[in-house]
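Student:
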Amino acid sequence: MSKKNDGAGLNSRLVRKPMQKWGWLFLLPTFAAFIIGFIWPFVQGIYLSFCEFHVASDAEFIGLGNYVKVFSDVGFMNAFKNTALFAVVSIILINVVAFMIAYALTQKMRGSNLFRTVFFMPNLIGGVVLGYIWSLIFDGILANYSTYLTANASYGFWGLVILVAWQQIGYMMIIYIAGLQSVSEDMLEAAKIDGASGAQTLFKVIIPNVMPSITICTFLTLTNSFKLFDQNLALTGGLPSIIENGTKVNATELLALNIYSTYNIKWTYHGVAQAKAVIFFLLVAVLAIAQQTLTGRKEVQQ
Amino acid sequence: MKKYSLSSKILSCFFVLLSLVWVFPIWEVIINSLKSNDYVKLEPFALPNSETFVGFANYVKGLTFGNYPFLKSVGYSLFITVVSVVLILLCCSMAAWYIARVQSTASKVFYYLCLFSMIVPFQMVMFTLTSTAKDLSLNTPWTIPIVYLGFGAGLAIFMFVGFVKGLPLEIEEAAVIDGCGPIQTFFQVILPMLKPTMISVGILELMWVWNDYLLPYLVLDITEYRTIPIHVQYLKGSYGTVDLGATMAIIMMAILPIIIVYLFCQKHIIKGVAAGAVKG
Numbered sequence: 052m053s054k055k056n057d058g059a060g061l062n063s064r065l066v067r068k069p070m071q072k073w074g075w076l077f078l079l080p081t082f083a084a085f086i087i088g089f090i091w092p093f094v095q096g097i098y099l100s101f102c103e104f105h106v107a108s109d110a111e112f113i114g115l116g117n118y119v120k121v122f123s124d125v126g127f128m129n130a131f132k133n134t135a136l137f138a139v140v141s142i143i144l145i146n147v148v149a150f151m152i153a154y155a156l157t158q159k160m161r162g163s164n165l166f167r168t169v170f171f172m173p174n175l176i177g178g179v180v181l182g183y184i185w186s187l188i189f190d191g192i193l194a195n196y197s198t199y200l201t202a203n204a205s206y207g208f209w210g211l212v213i214l215v216a217w218q219q220i221g222y223m224m225i226i227y228i229a230g231l232q233s234v235s236e237d238m239l240e241a242a243k244i245d246g247a248s249g250a251q252t253l254f255k256v257i258i259p260n261v262m263p264s265i266t267i268c269t270f271l272t273l274t275n276s277f278k279l280f281d282q283n284l285a286l287t288g289g290l291p292s293i294i295e296n297g298t299k300v301n302a303t304e305l306l307a308l309n310i311y312s313t314y315n316i317k318w319t320y321h322g323v324a325q326a327k328a329v330i331f332f333l334l335v336a337v338l339a340i341a342q343q344t345l346t347g348r349k350e351v352q353q
Numbered sequence: 009m010k011k012y013s014l015s016s017k018i019l020s021c022f023f024v025l026l027s028l029v030w031v032f033p034i035w036e037v038i039i040n041s042l043k044s045n046d047y048v049k050l051e052p053f054a055l056p057n058s059e060t061f062v063g064f065a066n067y068v069k070g071l072t073f074g075n076y077p078f079l080k081s082v083g084y085s086l087f088i089t090v091v092s093v094v095l096i097l098l099c100c101s102m103a104a105w106y107i108a109r110v111q112s113t114a115s116k117v118f119y120y121l122c123l124f125s126m127i128v129p130f131q132m133v134m135f136t137l138t139s140t141a142k143d144l145s146l147n148t149p150w151t152i153p154i155v156y157l158g159f160g161a162g163l164a165i166f167m168f169v170g171f172v173k174g175l176p177l178e179i180e181e182a183a184v185i186d187g188c189g190p191i192q193t194f195f196q197v198i199l200p201m202l203k204p205t206m207i208s209v210g211i212l213e214l215m216w217v218w219n220d221y222l223l224p225y226l227v228l229d230i231t232e233y234r235t236i237p238i239h240v241q242y243l244k245g246s247y248g249t250v251d252l253g254a255t256m257a258i259i260m261m262a263i264l265p266i267i268i269v270y271l272f273c274q275k276h277i278i279k280g281v282a283a284g285a286v287k288g
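Chains C and H, in that order, give the protein sequences.
Residue numbering for the first sequence follows this note's numbering, beginning at 52 and increasing consecutively.
Residue numbering for the second sequence follows this note's numbering, beginning at 9 and increasing consecutively.
1) Closer than 8 Å, CB to CB, is glutamate 181 of chain H near chain C or not?
2) By DSSP, does lysine 159 of chain C sit in helix, in strand, or in coil?
3) DSSP three-state label for glutamate 181 of chain H, please.
4) Quick one: does the C-beta of methionine 238 of chain C sit closer than 7 Å to a heavy atom of the ligand MG?
5) Does the CB of asparagine 283 of chain C have a neighbour CB from chain H at under 8 Å?
6) Going along chain H in order, which residues have a C-beta closer than 9 Å to the C-beta of isoleucine 90 of chain C?
7) Give the interface partners of proline 33 of chain H over in chain C, defined as CB-CB distance under 7 Å, in chain order.
8) Would DSSP call methionine 172 of chain C helix, strand or coil?
9) Looking at the strands, I want to know which residues DSSP matches up with glutamate 295 of chain C.
10) Please work out which residues of its chain come closer than 8 Å, Cβ to Cβ, to alanine 283 of chain H, disregarding the five sequence neighbours upstream and downstream, and give them in chain order.
11) Buried or exposed, going by whether 16 or more other CB atoms sit within 10 Å of the CB of phenylalanine 180 of chain H?
12) What are the residues that DSSP puts in a beta bridge with lysine 43 of chain H?
13) What runs of the alpha helix (DSSP H), each 4 residues or longer, lie entirely inside the region 252–279 of chain C?
14) Looking at the strands, I want to know which residues DSSP matches up with glutamate 111 of chain C.
15) So the candidates are H:Ser92, H:Ile185, H:Gly280; which of them puts its Cα closest to the Cα of glycine 158 of chain H?
16) Looking at valine 323 of chain C: is its Cβ nearer than 8 Å to the Cβ of lysine 159 of chain C?
17) Is the Cβ-Cβ distance between leucine 271 of chain C and tyrosine 154 of chain C less than 8 Å?
18) Quick check: the region 178–195 of chain C against the region 98–113 of chain C, are at least 3 beta-carbon pairs closer than 8 Å?
19) Against chain H, with Cβ distances strictly below 8 Å, would tryptophan 209 of chain C count as a contact?
20) If you draw a straight line from the alpha carbon of serine 276 of chain C to that of phenylalanine 137 of chain C, how long is it in whole angstroms?
21) List, in order along the chain, the chain C residues whose C-beta lies closer than 9 Å to that of threonine 140 of chain H?
22) I want to see whether chain C comes within less than 8 Å of tyrosine 270 of chain H, judged by CB atoms only; does it?
23) Taking tyrosine 233 of chain H as the reference, give the member of H:Tyr76, H:Ala65, H:Leu199, H:Lys43 with the closest Cα.
24) What are the start and end residues of the alpha helix (DSSP H) that includes methionine 314 of chain H?
25) Take serine 141 of chain C and list the residues in its own chain whose beta-carbon comes closer than 7 Å to its own, dropping the five residues that flank it on each side.
26) How would you label glutamine 196 of chain H, buried or exposed, when you count the other beta carbons within 10 angstroms and need 16 or more for buried?
27) Are the CB atoms of methionine 70 of chain C and proline 190 of chain H nearer to each other than 8 Å?
28) Say whether chain C places a C-beta atom closer than 8 Å to the C-beta of leucine 36 of chain H.
29) Please report the straight-line C-alpha distance between asparagine 296 of chain C and valine 125 of chain C, rounded to a whole angstrom.
30) Leaving out five residues before and five after lysine 299 of chain C in sequence, what residues of the same chain have Cβ atoms less than 7 Å from its Cβ?
31) Going along the region 214–227 of chain H in order, which residues come within less than 9 Å of chain C, judged by CB to CB distance?
32) Rounded to whole angstroms, what's the CA-CA distance from isoleucine 96 of chain H to alanine 161 of chain H? Just pull it up for me.
33) Going by alpha carbons, who is nearest to alanine 108 of chain H out of C:Leu334, C:Ser100, C:Phe77, C:Phe89?
34) By a C-beta neighbour count over all protein chains shown, 10 Å radius and 16 as the cutoff for buried, is valine 231 of chain H buried or exposed?
35) Measuring alpha carbon to alpha carbon, tell me which residue in H:Leu79, H:Asn219, H:Tyr84, H:Leu42 is nearest phenylalanine 64 of chain H.
36) Tell me whether the region 111–130 of chain H and the region 71–91 of chain C touch, counting them as touching only if at least three CB pairs, one residue from each stretch, are closer than 8 Å.
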């Protein structure tokens with residue numbers, strides 16, 4: 052591999068040699084921070100998931116005990132169901148709407164730049180602030196029916212779907228617009244000359260050619276919805292609490308929030324929370340990799 | 009003169025309506041920030057009238073409301089964001105240049121660890137990162153940028169390496185022949201060429217750090233240091249007794265600067281996001 056790179060001129064001895072003497076200056080600041088901010092916490096996190104601990108220094112190895120507790124945890128299973136359903140709904144909703152808006156905005160239309168600006172705007176506002184604003188709106192609407200947002204789990208769930216769709220459609224739209232603009236005019240003209248209908252052009256020419264954008268956007272919406280935390284916390288905080296199989300569970304909690312609140316139950320749950328976090332990480336990693344290989348395969352070679 | 013067909017005019021009208029739906033939540037915050045507290049909850053969708061209008065009283069109140077001065081949290085948010093983003097851009101571009109040009113085992117391992125870190129959710133390292141930061145006294149606004157550099161390095165390194173690999177080596181070789189050392193080459197030759205990627209990475213990291221809630225909430229001592237998201241979340245803590253008018257004014261003051269910055273640099277921001285996604 053590196054031999055080949057030498058040949059292609061990507062690796063020059065002339066440039067490399069003097070750099071190596073200064074390697075510590077270039078790499079060390081980032082690498083040191085990376086160890087503090089990622090590698091060490093990650094490794095320690097895996098170890099602690101097999102321990103009972105209050106703070107990191109008093110950890111006592113207990114084997115798989117925490118993991119056993121996770122799988123009998125009703126709240127975690129409920130959060131998993133919520134997250135899976137939320138991910139499916141929001142991936143479809145966000146990508147379909149974002150693609151349609153992007154497709155319309157790349158046609159000749161008055162004011163398309165203004166619309167683009169408006170749709171992207173919610174991305175600049177933090178999830179906590181958005182959650183606050185939307186909880187006011189939903190409470191205001193539901194007040195007409197003399198109820199409120201955290202009265203019913205389905206209000207909170209669909210409220211979160213609306214909030215996140217409102218926020219992320221603009222982001223995905225930007226990516227789809229970039230993808231649509233890279234479809235060559237020649238190809239579209241050739242389709243026209245060959246007598247392809249509008250729908251045929253869309254499904255046989257445009258969509259296969261924006262497949263890289265679709266891969267990116269489904270990847271982002273998938274990982275975003277699994278990692279969603281701020282909006283969940285600020286909108287409902289997981290409420291309402293309901294009784295399921297004799298245990299109190301927070302009905303609108305997603306996985307990230309469930310892990311967070313497990314830390315706050317009491318210190319004996321720290322190990323369980325960390326085990327949940329490891330399972331959560333594995334889940335996100337497997338889904339991310341699976342999604343990349345699945346949609347990546349459909350991309351057109353150019 | 010461009011010509012617009014009838015169907016495109018209808019489509020434009022539809023998009024005007026959709027845009028109004030999109031800005032509605034912001035509109036809500038604006039009108040409610042001008043109403044007195046009682047009416048915010050009572051009739052949240054009504055425009056302020058002579059009875060409910062209080063002018064900027066909520067804004068004045070908002071500055072001191074919530075047991076913590078709002079401007080102090082603005083200051084901490086600004087400091088943490090600016091220092092973290094500058095640190096990430098500088099350190100990661102230097103590291104990325106080294107990784108792209110010196111393909112040693114160490115730099116390859118570092119690169120793949122960076123890629124790996126991009127799929128790890130924050131909850132995985134939440135507890136341990138917090139305790140590590142406290143052990144190393146990184147739990148103040150002055151030192152938390154180091155934590156951001158560590159956790160944000162993955163994306164930045166990935167994007168910078170992708171860009172540097174596309175740069176022609178001849179320019180750097182010429183610089184070396186002309187007697188430039190690595191430091192001079194980096195700052196005078198590489199850094200100017202990295203500008204478009206700097207903008208992309210800078211915008212993505214800026215949006216992340218500025219809006220981040222959980223990391224500063226867990227790491228910082230929040231009785232002393234609060235950022236804007238922490239400040240807003242704490243207003244909600246006592247829902248019902250809270251002054252909603254003042255809260256709306258605080259939210260308005262929190263989002264207005266971002267929206268103004270966005271309107272001025274939207275071209276860069278939108279381009280930056282699109283470029284970031286193509287590489288990601």
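Ideal Cβ placement from N, Cα and C applies to all residues, glycine included.
Tutor: In brief:
1) Here the question's residue 181 of chain H lines up with position 173 in the second sequence. So, interface residue.
2) By 1-based counting over the first sequence, the position of residue 159 of chain C is 108. Three-state DSSP puts lysine 159 of chain C in coil, outside helix and strand.
3) Residue mapping note: residue 181 of chain H aligns to position 173 of the second sequence, counting from 1. Three-state result, glutamate 181 of chain H: helix.
4) This structure does not include the ligand MG; it has no bound ligands of any sort.
5) Taking the first sequence and counting its residues from 1, the one referred to as residue 283 of chain C is at position 232. Chain H, which has no Cβ nearer than 8 Å to the Cβ of asparagine 283 of chain C, makes this no.
6) What you label residue 90 of chain C is simply residue 39 of the first sequence in a count that begins at 1. Leu121, Ser125, Gly158, listed in chain order.
7) As a position in the second sequence, residue 33 of chain H is number 25, starting the count at 1. Residues of chain C passing the Cβ test: Ile184, Trp185, Ile188.
8) Position 121 of the first sequence, counted from the start, is the residue given in the question as residue 172 of chain C. Note: methionine 172 of chain C maps to helix in three-state DSSP.
9) Taking the first residue of the first sequence as 1, we reach residue 295 of chain C at position 244. DSSP output for glutamate 295 of chain C lists C:Thr298 as bridge partner(s).
10) Counting from one through the second sequence, the residue named residue 283 of chain H turns up at place 275. Excluding positions up to five away in sequence, the list reads Pro204, Thr205, Ser208.
11) For the purposes of this step, residue 180 of chain H is taken as residue 172 along the second sequence, with counting starting at 1. It should be pointed out that residue 180 of chain H corresponds to glutamate in this sequence rather than to phenylalanine. Answer is buried; the Cβ neighbour count reaches 16.
12) On the second sequence, position 35 is the one that residue 43 of chain H refers to. Paired residue(s): H:Phe61.
13) 262–278
14) Translated into the one-based positions of the first sequence, residue 111 of chain C becomes position 60. Answer is C:Glu103.
15) Numbered from 1 along the second sequence, position 150 holds the residue referred to as residue 158 of chain H. Taking only the C-alpha atoms, the option nearest glycine 158 of chain H is H:Ser92.
16) To locate residue 323 of chain C, count along the first sequence from 1; it is residue 272. To locate residue 159 of chain C, count along the first sequence from 1; it is residue 108. No, Cβ-Cβ distance for valine 323 of chain C and lysine 159 of chain C is not below 8 Å.
17) Stepping through the first sequence from its first residue, residue 271 of chain C is reached at position 220. Stepping through the first sequence from its first residue, residue 154 of chain C is reached at position 103. No, the pair does not count as a contact, with Cβ atoms beyond the cut-off.
18) no
19) Here residue 209 of chain C refers to the residue found at position 158 of the first sequence. Output row for tryptophan 209 of chain C: interface = no.
20) One-based indexing of the first sequence puts residue 276 of chain C at position 225. One-based indexing of the first sequence puts residue 137 of chain C at position 86. Near 7 Å, if we compare the C-alpha coordinates of phenylalanine 137 of chain C and serine 276 of chain C.
21) Locating residue 140 of chain H in the second sequence gives position 132, counting from the first residue. Ordered by position in chain C, the residues that pass the 9 Å Cβ test against threonine 140 of chain H are Ile87, Gly88, Trp91, Pro92, Gln95, Ala107.
22) The count along the second sequence starts at 1 and reaches residue 270 of chain H at position 262. At least one chain C Cβ lies under 8 Å of tyrosine 270 of chain H.
23) Within the second sequence, numbered from 1, the residue matching residue 233 of chain H stands at position 225. Checking every option, the nearest Cα to that of tyrosine 233 of chain H belongs to H:Tyr76.
24) A question about residue 314 of chain H goes unanswered here, because the residues of chain H that appear run from 9 up to 288.
25) Position 90 of the first sequence holds residue 141 of chain C. Hits under 7 Å: Val212, Val215, Ala216, Thr272, Ser276.
26) Here residue 196 of chain H refers to the residue found at position 188 when the second sequence is read from its first residue. Label assigned to glutamine 196 of chain H: exposed.
27) As a working note, residue 70 of chain C is residue 19 in the first sequence. As a working note, residue 190 of chain H is residue 182 in the second sequence. Cβ atoms of methionine 70 of chain C and proline 190 of chain H: closer than 8 Å.
28) In the second sequence, counting from the first residue as 1, residue 36 of chain H sits at position 28. In the sequence on display, residue 36 of chain H carries glutamate and not leucine. Yes, its Cβ sits closer than 8 Å to a Cβ of chain C.
29) Against the first sequence, residue 296 of chain C aligns to sequence position 245. Against the first sequence, residue 125 of chain C aligns to sequence position 74. Roughly 8 Å separates the two Cα atoms.
30) Position 248 of the first sequence, counted from the start, is the residue given in the question as residue 299 of chain C. Hits under 7 Å: Ser292.
31) Met215, Trp218, Asn219, Asp220, Tyr221, Leu222
32) By one-based count along the second sequence, residue 96 of chain H stands at place 88. By one-based count along the second sequence, residue 161 of chain H stands at place 153. Near 7 Å, if we compare the C-alpha coordinates of alanine 161 of chain H and isoleucine 96 of chain H.
33) For the purposes of this step, residue 108 of chain H is identified with residue 100 of the second sequence, where counting begins at 1. Checked all of C:Leu334, C:Ser100, C:Phe77, C:Phe89; the closest Cα to alanine 108 of chain H is C:Phe77.
34) The residue labelled residue 231 of chain H in the question sits at position 223 within the second sequence. The question names valine, yet the displayed sequence has threonine at residue 231 of chain H. Counting Cβ neighbours within 10 Å, threonine 231 of chain H comes out exposed, since fewer than 16 surround it.
35) Here residue 64 of chain H is taken as the residue at index 56 of the second sequence, counted from 1. The residue with the shortest Cα to Cα distance from phenylalanine 64 of chain H is H:Leu42.
36) yes
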